[in-house]
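Protein chains in written order, with this note's numbering: chain W, 11 to 342; chain C, 11 to 342.
Encoded structure:
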């Protein structure tokens, strides 16, 4: 069985990176280059993500910079540019050290109030020069105040044009929250997912970009659970059926409970769910009821009796290869 | 069978109310009093909520002002004070015209940046003088920018003290969204629910107020679907088990699809789900697959084969009487 995890984060980076970030925020001009050795990278992964991958039978993971620390709201745009390059270089190095285990996905140098077109250069660098296969797109660079335009605004279109041209999908992924109302992984993440879904539903985004592809992580936020609500809204507004979204939109399977996972797959269908763990992310603690970490998501999928082997394979492998054509080429 | 709907809104108010609102926002001093006759109120309800109640076998509904138009972000605090009194008076009149069908629940005169203690006077007026049994509390009076403190901040405590003293629960309910990122009923509502849940989970609010009661509407936002995620967060932070929240927290059953409803009841348990429709709200359109409106939520509950008659009765009736003691007294 091939199992591709579309949602891995390099959250175990050596501490030098955090120190570098702090210094960068204090004085960008004098920060210089981040110095981390290959051995440090190996060590940070071998007893962590790689060990868990082996133990769970996960063949390969899309690997992107840690999401919270993307913190697009901190500092100026030049800070975000330098930070994105630094973090992307690190996941790239991880992927060259462990090419069988990781394929890199990039963060973007977003900054509140700054046009997303400014991210194109870094996206091209990552995809064309370093073999990245996707990007993480933050729908709220303000970190919880939602002051930039929604995803269907033309503000974002130049970036989408480039994504389409390069054939890279975006995972919609907020960064950390600086709004005390929003717990990062418990509220801001999930709200970001729900909000992005609704922005896609209420707009003509996919009419303008018929080949644009988005992955909404964390099981699509609240969307699958409230599928009837979204159908009701679409019916009332006389929009096209919400299932049409599923031509451009996939949900990842970062849902850490059996009922939620089953609801997700039943609702979105096996064609639109991508296996994912968020490792290392929100689900790293051990569930005292099972003795396994919450993010051991193969266990929920494997426990579904009504899921055919064919559908399981879609979720574990073939959907990911379809959504990420550059991943398919890389793994050939 | 007695069926109590804990989530009804007076959304069919005569148009005079909307005109009055516009005038109030233009010039509060000259607005005078809203003039709507008893006959207008009767007419606005008889062919609408009351007809649907009869057809669906709903015995009684908690009835509060329309949520979107609470619009606490519009105008100044005095505007919100006048508007809350006006809207509360209208649901009160509806409840006196149809006492067997409606019990009133009030909106609060919240205003961004204004301390919630300023809502106490209106809450007392409604509860002590007019027999209201609950209130709707907006966790984000800014209408989608989330600029006020979270629900666990002491900012809110004076209001909670009064709620406890009066024995009235609050339904956590945002108003409309003025943030173009958030579709009102599709994103802002659900995000408000998810956010409120997480604020309760991450805080010691219910240690400070062991008898405070909240209802999170719309099936608890994303919370039940992501129950494992919240358990993971609580385990990692070594908080108490999230199930402890269910001593102070109930979810309403405004979930408009079968799988979601079943997940909700399985996850929260029959003791913590309150039957609800949101009438008239998001679910008023007809599902072409069933020919019924999406918010005909008895059909989802009645279709659950594994739900015992006893549990059904809890959801339909007895939980509501337990959560709203003043409703129990009123219906005696």
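Virtual Cβ for every residue (Gly too), placed ideally from N, Cα, C. Quick caveat: nothing in here was measured; it's all calculated off a predicted structure.
Burial state of residue 189 of chain C, where buried means 16 or more other Cβ atoms lie within 10 Å:
buried
Distance, residue 284 of chain C Cα to residue 231 of chain W Cα:
23 Å
Could you check whether the Cβ of residue 296 of chain C sits closer than 8 Å to any Cβ belonging to chain W?
yes
Could you please tell me which residues of the segment 131–155 of chain W, in chain order, have their CB closer than 8 Å to any CB of chain C?
149, 150, 154 and 155
Applying the 10 Å Cβ sphere with the 16-neighbour rule, what's the burial state of residue 358 of chain W?
Absent from the model: residue 358 of chain W. The displayed extent of chain W is 11 to 342, so no value can be given.
With C-beta atoms as the reference, is residue 19 of chain W less than 8 Å away from residue 286 of chain W?
no
Looking at the C-beta of residue 265 of chain W, does it have a partner C-beta in chain C at a distance below 8 Å?
yes
What are the start and end residues of each continuous alpha helix (DSSP H) run of 4 or more residues lying completely inside the segment 296–329 of chain C, in chain order?
308–312 and 319–323
Let me check understanding here. Comparing Cα to Cα, which of C:43, C:63 and C:242 lies closest to residue 305 of chain C?
C:63
According to DSSP, what are the bridge partners of residue 75 of chain W?
W:20
Just mark residue 31 of chain C as buried or exposed, buried being the case when its beta carbon has 16 or more other beta carbons within 10 Å.
buried
Kindly provide the ranges of any beta strand (DSSP E) runs that are 3 or more residues long and lie completely inside the segment 142–209 of chain C, ordered along the chain.
145–147 and 180–182
With distance defined between alpha-carbon atoms, name the residue in C:109, C:89, C:180 and C:54 nearest to residue 133 of chain C.
C:180
For the beta strand (DSSP E) holding residue 221 of chain W, just list the boundary residues, first then last.
That residue, residue 221 of chain W, is in no beta strand (DSSP E); it is neither H nor E in DSSP.
Is the CB-CB distance between residue 273 of chain W and residue 335 of chain W below 8 Å?
no
Between the alpha carbons of residue 200 of chain C and residue 299 of chain C, how many angstroms are there, rounded?
24 Å
Given a threshold of 16 other Cβ atoms within 10 Å of its Cβ, counted over all protein chains shown, does residue 206 of chain W qualify as buried or as exposed?
buried
Determine the extent of the beta strand (DSSP E) in which residue 281 of chain C is found, giving its start and end residues.
That residue, residue 281 of chain C, is in no beta strand (DSSP E); it is neither H nor E in DSSP.
Please compile the residues from chain W whose C-beta is within a distance smaller than 9 Å of the C-beta of residue 300 of chain C.
Those within 9 Å of residue 300 of chain C in chain W number zero; the least Cβ separation is about 10 Å.
Report yes or no: do three or more beta-carbon pairs, one from the segment 289–296 of chain W and one from the segment 239–256 of chain C, lie closer than 8 Å?
yes
Using a C-beta cutoff of 8 Å, does residue 164 of chain C count as contacting chain W?
no
Give the residues of chain C in contact with residue 193 of chain W, contact being defined as C-beta atoms less than 7 Å apart.
208 and 212
Since residue 83 of chain W contacts residue 159 of chain W with CB under 8 Å, what's their CB separation in whole angstroms?
Rounded, the Cβ-Cβ distance is 16 Å, inconsistent with contact.
Using CA atoms only, rank isn't needed, just tell me which of W:72, W:73, W:69 and W:97 is closest to residue 81 of chain W.
W:97
Inspect the CB distances between the segment 165–176 of chain W and the segment 121–140 of chain C and report whether three or more fall short of 8 Å.
no
Collapsed DSSP secondary structure at residue 116 of chain W in the structure displayed:
strand
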